[in-house]
Each structure stands twice: as C-alpha cells, then as structure tokens.
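Asker: Have a look at the structure that comes next, please.
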Amino acid sequence: MQPSAAGSSELTRHACEPCRKKKSKCTGEKPICSFCQRLKANCFYLPRKPNAARGHAISRGWKRSGHSGVVRQTAQPNARKELQHTSLQIEERRRYLPEPPSFHPETEAQTDYPVTPSQDGISGTQGWEQPPVGPESTESAIAEPPQEVLEFFVDVYEAKLHFQPLPLLPLENLTDQLLSGPRFLLWSFISLILTIADHEFYQDSKELVARTAEDAVMRLAFEGVPKPTVMQSLCLIAMKHIRTYQPARASMTVGAASRLFTIQYSFNGGANCPFQGDECVSRAFWSICIFESLFSSSVPGLLDARPPPYPDTEVQPPPPAPPVVPDRLPTLESNQDIGITASCIRIVSTWGKLGSYLHRLRQAEVEKPWLPSSTHTKLSLELLEFESQYNRKHLLNNVGLATRTALEVSQQRDYWNPWMTTQIVWHAAQAILNHPFLHLVVLRSQDEIPQSCLFLQQKVEMALYHAGWLFRIIRMSTGIMSIFDPMIGVAVAATATVQWLFQFSVDTRVARRAQDDLCWCDEFLSHMALTWPHFSHSVS
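In structure tokens, the structure reads:
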C-alpha cells in the first residue's frame with residue numbers, strides 16, 4: 001500500500017538541520033524556522049530514518065535534549081516506553097538544578113543591568129538562595145551559545161569595549177578561543193556583553209550567567225591560581241561592575257586581580273614572572289594598572305585611610321620590686337602612653353616596610369643608604385622615633401621580666417604577649433637594617449666610590465648589639481612564658497642570619513657567643529615548628 005501525501009510529510013524531521021547541528025530547540029516552522037530566519041541561515045529538513053531505527057533515534061534525541069514531553073503517537077511501543085522512562089529520569093534530575101532567580105522590583109539597581117547585592121554582600125547578582133549543588137551543576141545548567149550568537153557578542157565587544165581601556169582580548173579567532181577555553185572565561189565575557197546588548201538566547205538566564213562567572217573566577221582567584229585566563233576574567237568582571245555602576249565591587253575585583261599578579265613575584269623569590277613574554281598576560285597586566293589608576297586611585301592604602309585609634313590594653317603589669325641601687329640619672333617625665341598593644345602594632349607596621357625594602361633590593365633597586373632621601377635612612381629614623389615615643393614603664397628594666405613567675409605571666413598574657421612581640425621585632429628590625437651582608441655585599445657602591453669605614457663600623461656594631469639583645473631576651477623568658485607567636489619566630493629566624501656571619505669572627509668571644517645563639521635558635525624554632533610547621537624549613 002502506497003503512503004499518502006500526509007504520510008509522506010510525516011517522514012521529514014521536525015527539526016531543521018542547522019538547529020540539529022547546534023543542538024538548539026527548533027520551532028519546526030516550514031519552509032524556514034524563526035531561528036534560521038533570524039540568523040539568515042539555510043533552513044532545510046531531511047527525511048527521517050526507517051521505522052526500525054526511528055524509535056531509537058527519537059529516544060536518543062530526547063536523552064540529549066534534557067526535556068520531557070508527550071510521546072508522539074507515531075513512535076513504536078518500545079520507543080514510547082523508553083521515552084516515558086527517560087522523561088521520569090529527567091524530571092527527577094531537574095529537581096536538583098538551580099531555580100531561576102526571582103525578580104524583586106524594590107531591590108532592583110538603577111542600572112542598565114539590574115544587579116543587586118545578595119545577603120553575603122559578595123556576589124553581584126540578584127538576591128536568591130543558592131541551591132545545594134556544586135559549580136559544575138550550575139555551569140551545566142547554562143546553555144552553550146551557538147556560534148552565531150557568540151559571534152554577535154564578539155561583534156559587540158569589538159564595537160563597544162575592545163579599546164576601553166586596552167584591547168584585553170585579541171580579536172583574531174576570538175570566537176574559537178572562547179569556545180575552546182575554560183567555561184568561566186566564556187561566562188565572564190557573556191555576562192559583560194549582556195550589560196550592553198540583550199540577546200533572546202540568554203533572555204532568562206542573565207543573572208545565572210553572571211553568578212556562575214563570578215563564583216568560579218573568584219574561587220580561583222582566592223586560591224591563588226595565577227592563570228592568564230583567571231586574570232582576563234577578573235578584568236571582564238571588573239568592567240561589568242563598572243558598567244553597572246558598582247564601584248565597590250569593581251574596586252574589590254581589580255584589587256584581587258592586582259594582588260594575584262603581584263604575589264607571583266613574591267612567591268618566586270624575586271624571579272621574573274612565569275608568564276614573562278605572554279601577550280595575554282601583558283594585556284591583562286596593563287588593563288589592571290589602568291583600572292587601578294582610573295577607578296581605584298581615590299581608594300587609599302590601608303594605613304592611609306584614616307585608621308581608627310589603636311586598641312588599648314587595659315591590664316597593666318604590677319610594678320616590680322624597687323631596685324636596690326637607685327638610678328643615678330633623674331627620672332624624666334613620662335611621655336604619653338598609647339598602650340603596649342598600640343606600640344606592638346606600630347613596630348609590626350615598620351617591620352612590614354622593612355620587608356618591602358628588602359624585596360626591592362632583591363629586584364636590584366639599590367640606593368646609597370647614607371643619603372637622607374634613601375629608604376634606609378627613613379626606616380632608621382622611623383625606628384628611632386618609635387624608641388623615643390615608647391613609654392619608659394614598658395622598658396625591660398622597668399617591667400622586671402626576670403622577677404616574674406610563670407603563673408603571673410600566664411594570667412596577664414594580654415600584656416606580656418604584645419610586650420614580647422614589641423621587644424623582639426624592634427631588635428630584629430634594627431639587626432636586619434644594619435645587617436653586615438646587606439651593607440658589605442648588597443648595598444656596595446655601584447660607581448666605584450668606596451663606602452665610609454665609619455659608616456660600616458657603625459652598622460656592624462648595631463647589628464651585633466641588637467642581635468645579642470634579641471637572643472638575650474628570649475633566653476630570659478625561658479621557663480617564664482611560652483612563646484608561640486609566629487611573628488616572633490620570623491624575627492628570630494631572620495636575626496639568626498646575623499649571628500651566622502659573626503660565628504666566623506676573629507674575636508673568639510664574639511664567635512663563641514654567635515655559635516651559642518645559633519644552637520639555641522635551632523632548638524627554639526624546632527619547638528615552635530610543633531605549632532607552626534612551616535618553621536621546620538627554617539631549621540633545615
């Protein structure tokens with residue numbers, strides 16, 4: 001029996017070939033569907049396969065699509081049962097996919113792209129509760145853009161954003177690079193373009209794309225992943241926040257990108273960046289610099305942002321027993337006491353500046369240390385200023401540490417802990433700033449002008465004096481207080497390098513004392529490594 005005209009029309013596919021290749025839902029309009037008409041594509045329908053394979057093809061197609069529906073009446077009975085079973089499985093899985101974010105007019109930001117802070121104040125998407133699924137499940141819920149849609153986004157990027165402020169992404173083969181690259185870079189790019197031009201393909205998933213991009217990129221950034229694609233994604237997200245007038249979020253994103261780039265130099269021991277010569281990294285680096293200059297220049301540094309008052313320590317140590325022999329010098333009027341905790345914060349801040357100075361020296365940024373404008377002179381004056389403003393009642397002779405009992409010190413740790421940190425860090429900073437290796441090797445004059453012998457002699461004596469007092473105070477605290485502060489461990493390990501040089505001194509008394517300090521330092525750091533394991537590397 002020959003098939004009728006109606007029967008022959010049923011033998012053609014319900015989806016056109018362009019939609020089937022792109023795995024997008026086809027409206028089935030003939031002779032041309034709306035999707036192909038919009039993209040000006042060649043729309044055509046191929047005939048179906050024979051009935052024996054048709055049921056299997058339909059079942060396989062429904063599995064790929066991820067949507068449930070009504071089984072066509074023309075399908076075979078086995079195919080109908082298989083489709084029903086597959087539909088139940090798909091419906092079961094859809095329960096675990098994230099729901100689309102709800103729209104709240106009262107919280108909508110007055111921008112082109114409605115974005116409002118969530119409850120945690122981190123993400124820049126609509127306030128909706130994140131479902132209990134991982135990022136992989138969330139990314140899988142976002143439809144992959146067809147090549148025509150992505151090319152439309154690339155055209156928008158080229159016309160509106162490519163040179164603002166720098167060409168962050170190369171236009172050559174950009175579509176292929178986005179499709180073959182990591183998904184978080186693709187979602188970051190799409191979320192930025194959607195703030196400029198809408199597209200019906202992502203009409204109902206703008207917030208989901210933005211949320212997925214930010215979650216994935218920020219997670220990698222805070223894990224310290226130094227991939228060029230992460231830096232590019234951070235720049236794209238920062239541009240999106242600037243577009244939607246969210247300066248706080250833009251500044252935080254730019255700061256994360258800047259810190260992610262700078263830590264590579266610190267963790268590589270001052271060596272060159274591992275991505276030296278990479279054009280993508282160069283584009284990202286200078287884009288970050290421009291973002292910081294244009295949009296974060298008004299954001300001051302932490303110590304320049306009108307810091308709050310220093311926290312004060314209410315508990316003061318009881319006065320020690322009066323000395324047997326009174327002081328020969330008259331007692332001066334005590335200067336204003338800002339508290340031991342505030343003094344500790346000040347000297348630790350100076351220690352941080354000293355670390356930055358040493359890092360610049362490792363980058364071969366050498367200067368003459370005796371010049372008034374040198375960083376060495378400024379740090380020396382800052383340490384002298386700290387000593388002059390340090391209240392006399394906190395000095396070692398006045399607190400009487402050697403006369404205290406372990407029980408007394410343990411009951412007043414809120415005073416003795418910052419006091420010990422202040423003493424150790426101050427002596428360590430002086431010892432490192434006057435380190436013989438620093439002045440005899442690193443800071444040697446580059447223009448063949450010999451250094452002053454008196455200047456070098458002063459530095460050597462200062463380093464020997466402060467290194468000796470640091471280990472003397474630590475020894476004095478043995479049996480009285482337990483020291484587990486990692487800041488003290490870092491200061492002791494750094495000062496030990498001074499004594500390592502002095503162990504080779506021709507003066508036997510100085511050499512023997514330095515050797516004793518080194519042996520005791522190994523024991524001290526080994527004990528501290530039980531609490532802070534990274535100190536085991538300093539011991540080895």
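According to the UniProt record's numbering, the sequence shown holds residues 1 to 540 in order.
Backbone N, C-alpha and C fix where the C-beta goes; we use that ideal spot for every residue, glycine too.
Since this is a predicted model, take the numbers as computed values, not measurements.
(1) Compute the distance between the beta-carbons of V490 and F524, then report whether it is under 8 Å.
(2) Distance check for E144 and A41, CA to CA, integer angstroms please.
(3) Going straight from the alpha carbon of H359 to that of L440, what length do you get?
(4) Rounded to whole angstroms, what's the CA-CA distance from M476 to W469? Just pull it up for me.
(5) Check whether the Cβ atoms of I237 and T253 lie closer than 8 Å to each other.
(6) Straight-line CA distance for E148 to A210?
(7) With 16 other CB atoms within 10 Å as the buried threshold, where does C453 fall?
(8) For A467, I'd like the list of residues in its chain whose CB is within less than 6 Å of its CB, leaving aside the five on either flank, ordered along the chain.
(9) Give me the Cα-Cα distance between A514 and D337, rounded to the nearest whole angstrom.
(10) From what residue to what residue does the alpha helix (DSSP H) around residue 562 run?
(11) Looking at L168: is its Cβ nearer than 8 Å to the Cβ of S251?
(12) In the DSSP assignment, find the unbroken alpha helix (DSSP H) run with I488 in it and report its ends.
(13) When DSSP builds the beta bridges, which residues end up paired with T12?
(14) Among A197, E292, A256, whose alpha-carbon lies nearest the alpha-carbon of K160?
(15) Pick helix, strand or coil for T531, following the three-state DSSP scheme.
(16) Please list, in chain order, all residues of the same chain as C519 whose beta carbon is under 8 Å from its beta carbon, the five residues on each side excluded.
(17) Under a three-way DSSP split, which group does Y390 fall into?
(18) How is A428 classed by DSSP in three states: helix, strand or coil?
(19) Report back the beta-carbon spacing between G181 and T229 to the nearest angstrom; my notes put them in contact at under 8 Å.
(20) Could you check if E207 is buried or exposed, using at least 16 other CB atoms within 10 Å of its CB as the buried criterion?
(21) Report buried or exposed for D366, applying the criterion of at least 16 other Cβ atoms within 10 angstroms of its Cβ.
(22) Thinking C-beta only, is A216 closer than 8 Å to F184?
(23) Would you identify the three-state DSSP class for E223, choosing helix, strand or coil?
(24) Spatial neighbours of residue 545 within its chain, please: CB distance less than 7 Å, with the 5 preceding and 5 following residues excluded, ordered by chain position.
(25) Could you check whether C43 and I32 sit closer than 8 Å to each other, using their CB atoms as the reference points?
(26) Given that a residue counts as buried once 16 or more other Cβ atoms are within 10 Å of its Cβ, and exposed if not, what is A257?
(27) How many Å lie between C235 and A284 at the Cα?
(28) Please name the residue in W426, T422, F437 whose C-alpha comes closest to that of F502.
(29) For W370, does the three-state DSSP call read helix, strand or coil?
(30) Have a look at K353 and L383 and give me their C-alpha separation to the nearest angstrom.
(31) Could you tell me the alpha carbon to alpha carbon distance between F201 and L194, rounded to whole angstroms?
(32) Between I347 and V425, which are expected to be in contact by the criterion C-beta below 8 Å, what is the C-beta distance as a whole number of angstroms?
(33) Measure the beta-carbon distance from F484 to M528 and round it to whole angstroms, keeping in mind my assumption that it falls under 8 Å.
(34) Under three-state DSSP, which class holds V409?
(35) CB-CB under 7 Å to A463, same chain, minus the five flanking residues each way: which ones, in chain order?
Answerer: Reading off the structure:
(1) no
(2) 19 Å
(3) 17 Å
(4) Near 10 Å, if we compare the C-alpha coordinates of W469 and M476.
(5) yes
(6) 21 Å
(7) exposed
(8) A431, T495, V498, Q499
(9) Computed Cα separation, rounded: 35 Å.
(10) Here the chain covers residues 1 to 540 and nothing more, so residue 562 does not appear.
(11) Not closer than 8 Å, so no.
(12) Secondary structure note for I488: its alpha helix (DSSP H) is the uninterrupted segment 486–502.
(13) P47
(14) Relative to the Cα of K160, the nearest Cα in the group A197, E292, A256 belongs to A197.
(15) coil
(16) Excluding the 5 residues flanking it on each side, C519 has no same chain C-beta neighbour closer than 8 Å.
(17) Under the three-state reduction of DSSP, Y390 is assigned to coil, being neither helix nor strand.
(18) The answer is helix: DSSP assigns A428 an H, G or I state.
(19) 6 Å
(20) With 16 or more other Cβ atoms within 10 Å, it is buried.
(21) The sequence shown places Val at residue 366, not Asp. Looking at its Cβ environment, which holds fewer than 16 other Cβ atoms inside 10 Å, V366 is exposed.
(22) Less than 8 Å divides the Cβ of F184 from the Cβ of A216.
(23) coil
(24) The chain is shown from 1 up to 540; residue 545 falls before or after that span and cannot be answered.
(25) Yes; because the gap between Cβ atoms is below 8 Å, this pair is in contact.
(26) buried
(27) C235 and A284: Cα-Cα distance of roughly 7 Å.
(28) F437
(29) Secondary structure at W370: coil, using DSSP grouped into helix, strand and coil.
(30) 11 Å
(31) Answer to the nearest angstrom: the Cα atoms are 11 Å apart.
(32) Yes, I347 and V425 are in contact; Cβ-Cβ is about 5 Å, under 8 Å.
(33) Rounded to whole angstroms, the Cβ separation of F484 and M528 is 7 Å, and the two are in contact under 8 Å.
(34) helix
(35) A431, N434, H435, P436, V498
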